[in-house]
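Okay, so the sequence shown: first residue is 121 according to the numbering used here, each after it adds one. Virtual Cβ for every residue (Gly too), placed ideally from N, Cα, C. For reference, the structure is listed below as structure tokens.
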Amino acid sequence: MVEGKMNVIKYLMFFFNFLFWLSGLALIIVGGIIKNNYGDYFSYADSKFTTAPVFIIAVGVIVFVIGFLGCCGAIKENYCMVMVFSVLLGLIFILEIVAGILGFIYKNKVQEYAVDGLKRAVKEYENKDEPGASELLDWAQLKFECCGANGPSDYKNLTKNETCGTTQGVKTCHKNKDCAKKLNNEGCKSKFEQFIKKNLVVVGVIALSIAFIQLLGIVFACYLMKAIKGEYEVV
């Protein structure tokens, strides 16, 4: 058994790996919710985004398994399990750094893809074969109190839109001054961009928090491996 201060390291490693394990479980749940509730929205952002929920779930499963391995290795003081855990966690940590750098470099592209999807959704708004288009726009227009991608004029050739600030069709409102006053005249493009920027920051903070937990896990794993191997007093 690992004695003295290394016992503290063992339980600290278990605690942080338990948090890591929970973060993996959270990713699986979040990915599932996004896939079930917002799957149609992603199809209008860009083809690159259609696999986003699946990717989140896959990452969650990997993190879940690695976290479980780390917890078991710490409690059982199994050198091989702790070593495999630390190597896998190190690889994940490196990949996260690379992904973070690429995300920072291409953050404007992410916004561009999303806005392009919003514009495509306007064109497909009344297409019954593409329900995701109307769902995406209705959600955006109600949430951000906006209308279309660039404004009400986006709907000039459409017969009806009930989420631009009025229960009457946009086409009708162009002919009625009183109705036009009830319209949200600002387009959703700029507000959608701000929404994406804000959420990218949130994602970045969460990623950094998880990376910090991973780094602590690697440090504790290294100390624990040394103790198990006999570099510290063991019974």
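For residue i, the first and last residue of its enclosing alpha helix (DSSP H)
| i | result |
| --- | --- |
| E313 | 309-349 |
Proximity of residue i and residue j at Cβ, strictly below 8 Å
| i | j | result |
| --- | --- | --- |
| G144 | F184 | yes |
| G307 | A253 | no |
| A341 | F205 | yes |
| F312 | L238 | yes |
| A146 | E216 | no |
| I177 | I148 | yes |
| M203 | C192 | no |
| F83 | Q261 | The structure shown does not extend to residue 83, since the chain spans only 121 to 355, so no value can be given for it. |
| A234 | I182 | no |
Span separating the alpha-carbon of residue i from that of residue j
| i | j | result |
| --- | --- | --- |
| L314 | A194 | A small fix is needed here, since residue 314 is Gln in this sequence, not Leu. Approximately 44 Å, taken between the alpha carbons. |
| G337 | L222 | 24 Å |
| V356 | N305 | With the chain covering only 121 through 355, there is no way to say anything about residue 356. |
| I186 | G210 | 11 Å |
| E232 | E246 | 24 Å |
| L256 | A241 | 7 Å |
| V150 | G271 | 32 Å |
| Y275 | L328 | 42 Å |
| G324 | F224 | 9 Å |
| I129 | Y199 | 14 Å |
| E319 | K263 | What sits at residue 319 in the sequence shown is Asn, not Glu. Cα-Cα distance, rounded: 15 Å. |
| W259 | G180 | 27 Å |
Buried versus exposed, by CB contacts within 10 Å (16 or more), residue i
| i | result |
| --- | --- |
| A219 | exposed |
| K196 | exposed |
| K309 | buried |
Where residue i sits in the DSSP three-state scheme
| i | result |
| --- | --- |
| Y245 | coil |
| K229 | helix |
| G152 | helix |
| N137 | helix |
| K263 | helix |
| A146 | helix |
| E255 | helix |
| N198 | coil |
| A219 | helix |
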